[in-house]
Each structure stands twice: as C-alpha cells, then as structure tokens.
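*Asks:* Numbering (the numbering used here), first residue to last: -12 to 340.
Glycine included, every Cβ here is placed at the ideal spot set by N, Cα and C.
Remember, predicted model here, so these are calculated numbers, not experimental data.
Dropping the structure in here first, questions after.
Below is the structure:
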C-alpha cells in the first residue's frame, strides 16, 4: 500500500466515523437553522406594505409608492375600514392619516414631499451589513477551525490512549496517517461551510436581497481558498498538540498557543474592521488573512494583486506549519510515557524513519 492509498483509506475512515457522530450531525443542523433564520426571518417579520383605505381621487400617490390601496366610497367608510381592521391606515380629507395605534410611516412618507437626495458615496455598505459581514467571516473561521481542529487532536489522543496507534503505524506510514486525518477534517469543514453558505444564499434570494448577494459573491469566492489554507495551517498545529499528550484531560495544557492563534485574529478583525490601516496589516498575517482579506475585498479596499500576494504568503506559511507539525507528530506519536515536549518530539522524529 503506497502513501496515497493509505492517506485515502485513513481519510475515508475518519469521514465515516464523523458522519455517524450524532453530535456532529446535530451541530451541522443547528448551524443550518441559524443560517436560514438569519436570512429568511427578517424579511418575513418586516411584513409587507400597509393597506390604505382611501377614495379613488387620492389613491394615485399611494399606488405609486407601492402601498396596497383599498378604494372606499368616502372618508367615513375609510375610517370604518381602519376600525374594523380591514385597513392599516386611511387617508381622509385634509389630507389626514388615520390609524389605530401606531403612525404608519410608509403612508406618511408617500404623502410627503421629500427634497431630492444626492449620495456622495452611492456604493457605501449599509452600517448593519458592514458589521454583520466581518463578524460572519471571522465567526465561521473561528468556530470551524476550533471545532474540527479539536476533533483532529482528540482522534490522535484516543488512538494513543488505547494503544491502537501502534497497530496503525505498523499498517500505514506515519505521514499517511496524519495526512488522512487532516484531509478528512478539511473536507468535513468545507462540506459544512458549503451547506451553510448554500442555505444562507438561498435565504437571501428568498428575501430578495439581490444587491447584497452581488456584493458578497466575490468575497465568498475568495474566502474559500483563504479558508482552506488557513484551516490546514491551524489543523497542523492541532495535530501536533494532540500528539504531545496521552490523555484527553491534558489537551488544554498544550493547545493554548493554538487557541490564541485563532482567538486573537478573531477579535482583531471584529474590533478593527473599520480601521483601514490595521485591516491592511491583518490581511497579510497568516493567522488573520483568511478573514481579513475577503473582508477588505467586500469593502472595496483590496486590489487584485493584494489578494494573490496574501494568498501566496498564506500558502508558504501553511506549508511551513504542515512540515513542522508533521515532524512534531512523528516524533511524539509513539511516546506514551506522559506529556512530550516539543523539543523532544522534534529531536526524536528521526527514530520513526
């Protein structure tokens, strides 16, 4: 069995085990429900335009404003329609607007004469969207890298704890064992994110958010390769951390650097997303570029060459961390006499061939 076949075999086994895991399936369903609720519910809860009872003579401006018009015989009938609940508001002679409890702002706006407005920055992003988009990118990368990275580490520790790793190493190359675990984790993470993105995009299409879709499209497209390389980088760190210990209870002691490498960029992107200088720096740092660079593209602050330059830097960093992580993994995998230091694992790597 060559290395490629062994890697594919290990990855297939890890995927099958995870797809039978009830916790994984429930968490995926939970995220899908959140994505659907966040994109579908706001348009539904906002409701449609107000129904206005009015005489035919005054119905023109209301129809032009897109309101639902209910033509009545006179002002008395219009008022009665509001009292009976057949209309949200009524326009009577004066003109005056009648409503039961709250002032219908859409009706008042339709009857008002607003001055012309000229936007100096017509392409500006809505403030709410400008906050939610960076949070969504950072949150997805944070949760996914933490969740699937931890699962890779736990799988390694369980195999060491049960001593099954000794059988696995005798059957497949050590590098194939690590590559298979990382490949499975990457495919599962991408699959989960793909499902969430599909549900979110469908929800935005349902809510008629075509303008937002056109803005998010390029950012999502670039987020995929950035996420892929960023996840591989973090996953190699989790794999090395898992190989250093023999018990699940000890993982917190060695995983703190990995968690900080994910948490600090997460908070940096959230709190500094409106600082152009800080975001430019974060978009080139390997641990923060998977979220910072797609966000700069969404805001229109990144040139095309910057995207490729940042992606190239992330590729080099990911390759370096994979090589270092695999060396630590190989040097500590068969050591079952307690926690192994990184220095010892690095030095003992050669003993596994």
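Rounded to a whole number of angstroms, what is the C-alpha to C-alpha distance between residue 156 and residue 5?
*Replies:* Distance between the alpha carbons of residue 156 and residue 5 is about 21 Å.
*Asks:* Please report how far the alpha carbon of residue 306 lies from the alpha carbon of residue 220, in whole angstroms.
*Replies:* Their Cα atoms are separated by approximately 8 Å.
*Asks:* How many angstroms separate the CA atom of residue 61 from the CA atom of residue 75?
*Replies:* If I take the Cα positions, the gap works out to 17 Å.
*Asks:* Would residue 268 be called buried (16 or more neighbouring beta carbons within 10 Å of its own) or exposed?
*Replies:* Exposed, because fewer than 16 other Cβ atoms sit within 10 Å of the Cβ of residue 268.
*Asks:* When DSSP labels each residue in this structure, what does residue 327 get in the three-state scheme?
*Replies:* Correct three-state label for residue 327: coil.
*Asks:* Starting from residue 85 and walking both ways along the beta strand (DSSP E), at which residues does that stretch end?
*Replies:* Looking at the DSSP string, the run of the beta strand (DSSP E) that includes residue 85 is 83 to 85.
*Asks:* Taking buried to mean at least 16 other C-beta atoms within 10 Å of its own C-beta, is residue 334 buried or exposed?
*Replies:* Answer is exposed; the Cβ neighbour count stays below 16.
*Asks:* Note down, in chain order, each residue of its chain lying with its Cβ closer than 6 Å to the Cβ of residue 337, except the 5 sequence neighbours on either side.
*Replies:* Confidence at residue 337 is low in this model, with a pLDDT of 49, below 50, so the placement of that residue should be treated as unreliable; the coordinate-derived value is given next. Around residue 337: no qualifying Cβ.
*Asks:* Leaving out five residues on either side along the sequence, give the residues of the same chain with a beta carbon under 6 Å from the beta carbon of residue 143.
*Replies:* Cβ neighbours of residue 143 beyond the five flanking positions: 229, 230.
*Asks:* Who are the near neighbours of residue 13 in its chain, counting only those whose CB is closer than 6 Å to its CB and skipping five residues on each side?
*Replies:* If we look at residue 13 and ignore the five residues flanking it on each side, it has no Cβ neighbours.
*Asks:* Among 85, 213, 217, which residue has its Cα nearest to the Cα of residue 65?
*Replies:* Considering only alpha carbons, the answer is 85.
*Asks:* On the three-state DSSP scale, how would you describe residue -10?
*Replies:* In the structure shown, residue -10 sits in a helix (DSSP, three-state: H, G or I).
*Asks:* Just the C-alpha distance for residue 340 and residue 276, rounded to the nearest angstrom, thanks.
*Replies:* Because the pLDDT at residue 340 is just 43, under 50, the model does not fix this residue reliably, and the value given afterwards should be weighed accordingly. Each residue's alpha carbon lies about 35 Å from the other.
*Asks:* Does residue 244 pass the burial test, meaning 16 or more other C-beta atoms within 10 Å, or should it be called exposed?
*Replies:* Exposed is the call here.
*Asks:* Can you give the beta carbon distance from residue 301 to residue 281, rounded, assuming they're within the 8 Å contact cut?
*Replies:* With a Cβ gap of about 12 Å, residue 301 and residue 281 do not count as contacting.
*Asks:* For residue 339, name the three-state secondary structure that DSSP assigns.
*Replies:* Caution applies to residue 339, whose pLDDT of 46 falls short of 50 and renders its modelled position unreliable; the model cannot decide the point.
*Asks:* Helix, strand or coil for residue 80 per DSSP?
*Replies:* Residue 80: coil per DSSP, three-state reduction.
*Asks:* Count the other C-beta atoms from every protein chain shown that fall within 10 angstroms of the C-beta of residue 328, then say buried if there are 16 or more, exposed otherwise.
*Replies:* Per the 10 Å Cβ criterion, exposed.
*Asks:* Taking 8 Å as the threshold, find out whether the segment 162 to 173 comes into contact with the segment 131 to 149 through three or more Cβ pairs.
*Replies:* Yes: at least three Cβ pairs fall under 8 Å.
*Asks:* What residue from 320, 141, 215 has the CA that sits closest to residue 345's CA?
*Replies:* Absent from the model: residue 345. The displayed extent of the chain is -12 to 340, so no value can be given.
*Asks:* Would you check if there are 3 or more beta carbon pairs closer than 8 Å linking the segment 238 to 254 to the segment 174 to 191?
*Replies:* Too few Cβ pairs lie closer than 8 Å, so no.
*Asks:* From residue 127 to residue 179, what distance separates their C-alpha atoms?
*Replies:* Between residue 127 and residue 179, the C-alpha separation is close to 10 Å.
*Asks:* Could you give the residue range of the beta strand (DSSP E) that holds residue 55?
*Replies:* Element bounds for residue 55: 55 to 58.
*Asks:* Between the alpha carbons of residue 240 and residue 233, how many angstroms are there, rounded?
*Replies:* Approximately 12 Å between the Cα atoms of the pair.
*Asks:* Kindly indicate which three-state DSSP category residue 40 falls into: helix, strand or coil?
*Replies:* Residue state, collapsed to three classes: strand.
*Asks:* Excluding the 5 residues flanking residue 38 on each side, which residues of the same chain have their C-beta closer than 7 Å to its C-beta?
*Replies:* Same-chain partners within the cutoff: 55, 57, 74, 75.
*Asks:* Compare the C-alpha of residue 153 against each of 303, 321, 326, 255 and name the closest.
*Replies:* Among 303, 321, 326, 255, the Cα nearest to that of residue 153 belongs to 321.
*Asks:* Could you tell me how far apart the beta carbons of residue 78 and residue 59 are, in whole angstroms, since I believe they sit closer than 8 Å?
*Replies:* At roughly 10 Å, the Cβ-Cβ gap does not stay under 8 Å, so residue 78 and residue 59 are not in contact.
*Asks:* Could you tell me the alpha carbon to alpha carbon distance between residue 18 and residue 181, rounded to whole angstroms?
*Replies:* C-alpha separation (whole angstroms): 11 Å.
*Asks:* Helix, strand or coil: how does DSSP classify residue 322 here?
*Replies:* Looking at residue 322 - three-state DSSP - the assignment turns out to be coil, as it is neither helix nor strand.
*Asks:* Starting from residue 343, trace the alpha helix (DSSP H) both ways and give me its first and last residue.
*Replies:* Only positions -12 to 340 of the chain appear in this structure, which leaves residue 343 out of reach.
*Asks:* Suppose the cutoff is 8 Å on Cβ atoms and the five residues either side in sequence are ignored; what does the same chain contact list for residue 2 look like?
*Replies:* The answer, listed in chain order, is 171, 174, 175.
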